[in-house]
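Chemist: FYI, the numbering for the sequence shown is 5 to 246, going by this note's numbering.
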Amino acid sequence: MKNQILTVKDNKQISDDVFVMKFEKEENEYKAGQFVELKVDGFTLRRPFGVYDFEKGELSLLYKVVGQGTAKMATMKRGEKIDALTELGNGFNVDKAKKPLLIGGGLGAAPLYYLAKTFKEKGIKAEMLLGARTQSDLVFLNDFKNVADVKVATDDGTSGFKGNVVEALKHYDFDCDFYYACGSLAMLKRVASYSTNGEISMEARMACGFGACMGCSIMTTDGAKRVCKDGPVFYAKEIIFE
Ligand SMILES: Cc1cc2nc3c(=O)[nH]c(=O)nc-3n(C[C@H](O)[C@H](O)[C@H](O)COP(=O)(O)OP(=O)(O)OC[C@H]3O[C@@H](n4cnc5c(N)ncnc54)[C@H](O)[C@@H]3O)c2cc1C
Ligand code: FES
Numbered sequence: 005m006k007n008q009i010l011t012v013k014d015n016k017q018i019s020d021d022v023f024v025m026k027f028e029k030e031e032n033e034y035k036a037g038q039f040v041e042l043k044v045d046g047f048t049l050r051r052p053f054g055v056y057d058f059e060k061g062e063l064s065l066l067y068k069v070v071g072q073g074t075a076k077m078a079t080m081k082r083g084e085k086i087d088a089l090t091e092l093g094n095g096f097n098v099d100k101a102k103k104p105l106l107i108g109g110g111l112g113a114a115p116l117y118y119l120a121k122t123f124k125e126k127g128i129k130a131e132m133l134l135g136a137r138t139q140s141d142l143v144f145l146n147d148f149k150n151v152a153d154v155k156v157a158t159d160d161g162t163s164g165f166k167g168n169v170v171e172a173l174k175h176y177d178f179d180c181d182f183y184y185a186c187g188s189l190a191m192l193k194r195v196a197s198y199s200t201n202g203e204i205s206m207e208a209r210m211a212c213g214f215g216a217c218m219g220c221s222i223m224t225t226d227g228a229k230r231v232c233k234d235g236p237v238f239y240a241k242e243i244i245f246e
């Protein structure tokens, strides 16, 4: 973990309430699945965001405006500075899969972009299933298509298979040996009850963000674990969903 001041390079609106914030080059290294915590001006608690992309030392975050902190972020301009805890969490274990399947739900799929790029750099084109409520929620679909072989499922059938992610998993019958999943808790729970042969990135409300407060604990087969420090990526088989 590092505590750094990051400089905004770009803060681009890509849909009504979704933005991609890119920062000036830093001397960091990120694994796909790691995250940062931003100290947004005027707020005590830091806001966690998964790494969307990390290219030539430039970090990008894809975020949705859901409350006051992200609304403030949406107003930030090129050149503005922000206090950040960086290189947080464990990240995905890319050595587990020769034929990876990336499963994403809605905007929660954001960290899978950098994961797919990581596999591509290893010479592996990952298969990907992106689930969403409706077509307009698939704001990053074209980016994902550049780095993975993408199939889509929407609840209302406006794009791809009509149905939820597990129904789509059965429908598409992917040829994979290990999966990596990111999305809502409800989706992750469904995926884990369908198969435990994968890794899951969990979300939790966080206070410190680096393992000191236990505020982000989840229950696992090995007792309580902290999403920020022991995760956010866990084996599907070790998570006990409530
Ligand atoms: C490991 C991790 C990675 C994440 N990656 C992304 C990402 O890539 N893109 C993205 O859009 N969102 C991501 N989130 C969710 C993001 O942190 C929240 O949307 C954001 O903190 C909301 O802040 P707010 O002030 O706008 O909302 P408010 O509701 O006003 O926030 C109030 C408090 O609750 C916390 N909070 C609210 N929603 C969440 C949430 N879903 N998870 C954790 N804390 C929350 C806030 O951090 C803040 O402390 C991630 C969360 C975690 C834990
Ligand atoms: S947020 Fe403090 S231990 Fe995870």
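Yeah, the Cβ is synthetic: ideal placement off N, Cα and C, and Gly gets one too.
Does any CB atom of chain B fall closer than 7 Å to the CB of residue 34?
Modeler: No chain B is present in this structure, which holds just one protein chain.
Chemist: Across the stretch 207-223 and the stretch 46-60, are there enough close Cβ pairs to call them in contact, namely three or more that are closer than 8 Å?
Modeler: yes
Chemist: Could you tell me if residue 122 is buried or exposed, where buried requires 16 or more neighbouring beta carbons within 10 angstroms of its beta carbon?
Modeler: Taking every protein chain shown into account, the CB of residue 122 has 16 or more other CB atoms within 10 angstroms, so this residue is buried.
Chemist: What do you reckon, is the C-beta of residue 90 under 6 Å from a heavy atom of ligand 1?
Modeler: no
Chemist: CB residue 18 to CB residue 85, shorter than 7 Å?
Modeler: no
Chemist: Rank 151, 146, 140 and 150 by C-alpha distance to the C-alpha of residue 161 and give the top, closest one.
Modeler: 140
Chemist: What number of angstroms, rounded off, separates the C-alpha of residue 173 from the C-alpha of residue 108?
Modeler: Roughly 12 Å separates the two Cα atoms.
Chemist: Assuming residue 66 and residue 27 make a contact with CB atoms under 8 Å, what is their CB distance in whole Å?
Modeler: Contact doesn't hold; Cβ gap of about 13 Å is too wide.
Chemist: Taking the CB atoms as reference points, tell me whether residue 96 and residue 242 lie closer together than 7 Å.
Modeler: no
Chemist: Helix, strand or coil for residue 206, going by three-state DSSP, please let me know.
Modeler: coil
Chemist: Among 42, 6 and 20, which residue has its Cα nearest to the Cα of residue 32?
Modeler: 6
Chemist: Can you give the Cα-Cα distance for residue 240 and residue 222, rounded to whole angstroms?
Modeler: 13 Å
Chemist: Pick from 154, 170, 237 and 16: whose alpha carbon is nearest that of residue 129?
Modeler: 154
Chemist: Could you have a look at residue 27 and say whether DSSP puts it in helix, strand or coil?
Modeler: In the structure shown, residue 27 sits in a strand (DSSP, three-state: E or B).
Chemist: Are there 16 or more other CB atoms within 10 angstroms of the CB of residue 218, so buried, or fewer, so exposed?
Modeler: So residue 218 counts as exposed.
Chemist: Output needed for residue 220: all residues of its chain with C-beta closer than 7 Å, excluding positions within five of it in sequence on either side, in chain order.
Modeler: 208, 209, 210, 230, 231 and 232
Chemist: Residue 130 bridges to which residues according to DSSP?
Modeler: 152
Chemist: Is the beta carbon of residue 156 less than 7 Å from the beta carbon of residue 134?
Modeler: yes
Chemist: Should residue 57 go down as buried or exposed, given a rule of 16 or more other Cβ atoms within 10 Å for buried?
Modeler: Of the other Cβ atoms in all chains shown, 16 or more fall within 10 Å of the Cβ of residue 57; this residue is therefore buried.
Chemist: Which of the three DSSP states is assigned to residue 105 in this structure?
Modeler: Correct three-state label for residue 105: strand.
Chemist: Report the CB separation of residue 104 from residue 55 in whole angstroms; it is logged as a contact under 8 Å.
Modeler: Contact flag wrong, Cβ pair sits at about 17 Å.
Chemist: Just how far apart, CA to CA, sit residue 25 and residue 87?
Modeler: 14 Å
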